[in-house]
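Quick notes on the structure that follows.
There are 2 protein chains.
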Amino acid sequence: MLSKKTKYGLKALTFIARQEDDVPVQVGEIAKGEQIPQKFLESILLTLRKAGVLGSKKGKYGGYYLRHTPAEINMADVMRVLEGPIAMVPCVSLNFYEKCDDCVDEQECSVHKLMIQVRDSNLNVFKNTTLADLSFSE
Amino acid sequence: MLSKKTKYGLKALTFIARQEDDVPVQVGEIAKGEQIPQKFLESILLTLRKAGVLGSKKGKYGGYYLRHTPAEINMADVMRVLEGPIAMVPCVSLNFYEKCDDCVDEQECSVHKLMIQVRDSNLNVFKNTTLADLSFSE
DNA sequence: TATTATTCCTATCGATTTAATAGGAATTAC
DNA sequence: GTAATTCCTATTAAATCGATAGGAATAATA
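Pasting the structure below:
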């Protein structure tokens, strides 16, 4: 299951990407527009900012803005920030690899074999989908 | 993350598929061979039996066996039994569709767009991978 | 028929994760 | 100096996960 955190995060990014103006978008505005609990959204946007996806302006009339153009923001990066590793098991993760305790021969492990394929297939989707693809009708 | 339930279930299926003989395989044997808590494995194999993937023989010298040949068992079916719906959100699930509460226009929803692609890509992998692919070296 | 070994079933438990809330500090525009 | 906003930390309630416990039902075999 996709976490609410990721769902909200994606919606918020889309909301910001769809803004015409160049002024920062406020959390309250996004929360209202996308039906997201404001305090929860605050923490999510904070995470995205710390990861370098969003920038922020503090104080009155502050808010969040994209650090790059929507077409430059790919879902592999975003998903890693919001949802964690793309691989379903650590033993096939490119960025967070960990050996299984139990597994004797990784190459012979059926789970490993299957999850390698799932990882590749998902990575392909995420890498080739940008925030622009999600934000604008084609 | 892949649940332990699914991981153990896949390993157990592979273990059974690799058996030469035609005699039922006992839970204890699989648990020992694959380092899986026996009681936990019991409940998993029960689930697989109720779903029609495995058959069982009760009583002394009983155990579990595949209801079909490994080449006939595809991962889409197995994953749905063990891990639940393949889609990451109900609004893109083919077998368990549910409308989002919040979402006004499904076609315009960024999450929807992305998750459709993920579903298709995963489904493609799962449908085209059989237990035989996972169980035997090529 | 008694014994033994196995699947089958239900219930429970502890730990972890998730989703959300609370309260206020720090910062900035005006 | 005031109002509005992001930023930070802590807490909580509910759900899920992984595992365990105990025993009923069933079947082989001596």
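Order-wise, the sequence lines are chains A and B. For the first sequence, the working numbering begins at 1 and goes up steadily by one. For the second sequence, the working numbering begins at 139 and goes up steadily by one. Backbone N, C-alpha and C define an ideal beta-carbon position, used for all residues, glycine too. All of these numbers come straight from a predicted model, not from anything done at the bench.
Leaving out the 5 sequence neighbours to the left and right, which residues in its chain are closer than 6 angstroms to residue i when beta-carbon positions are compared?
i, result
"B/ARG156", "SER273"
"B/ARG187", "SER194"
"A/CYS103", "CYS109"
"A/PHE126", "MET75, ALA76, MET79"
"B/PRO223", "SER231, PHE234"
Which first and last residues belong to the alpha helix (DSSP H) in which residue i is found?
i, result
"B/GLY147", "142-155"
"A/LYS32", "27-34"
Near residue i, what residues of its chain come up, given a Cβ to Cβ distance below 8 angstroms and the 5 sequence neighbours on each side ignored?
i, result
"B/ILE254", "VAL230"
"B/THR207", "ALA270"
"A/LEU66", "LEU13, ILE16, ALA17, VAL53, LEU54, GLY55, ILE73, LEU131"
"B/GLY166", "GLN176"
"A/TYR8", "GLU34, ILE36, PHE40, LEU41, ILE44"
"A/TYR97", "PRO90, CYS91"
Consult DSSP for residue i and reduce its assignment to one of helix, strand or coil.
i, result
"B/LEU184", "helix"
"A/ASN124", "helix"
"B/LYS195", "strand"
"B/LEU269", "helix"
"B/SER248", "helix"
"B/LEU278", "Residue 278 of chain B falls outside the range modelled here, since chain B spans only 139 to 276, and no answer is possible."
"B/PHE274", "coil"
"A/VAL104", "coil"
"A/LYS99", "coil"
"B/ALA225", "coil"
"A/LYS51", "Looking at the sequence shown, residue 51 of chain A is not Lys but Ala. Reduced to three states, the DSSP call for A/ALA51 is coil."
"A/GLU72", "helix"
"B/MET253", "helix"
For residue i, I'd like the list of residues in its chain whose CB is within less than 7 angstroms of its CB, leaving aside the five on either flank, ordered along the chain.
i, result
"B/LYS237", "CYS229"
"A/SER3", "GLU83"
Give the range of the beta strand (DSSP E) segment to which residue i is assigned.
i, result
"A/LEU82", "Not the beta strand (DSSP E): A/LEU82 falls in the alpha helix (DSSP H), residues 75-83."
Looking only at DSSP bridge pairs, what is residue i linked to?
i, result
"A/TYR64", "A/VAL25, A/SER56"
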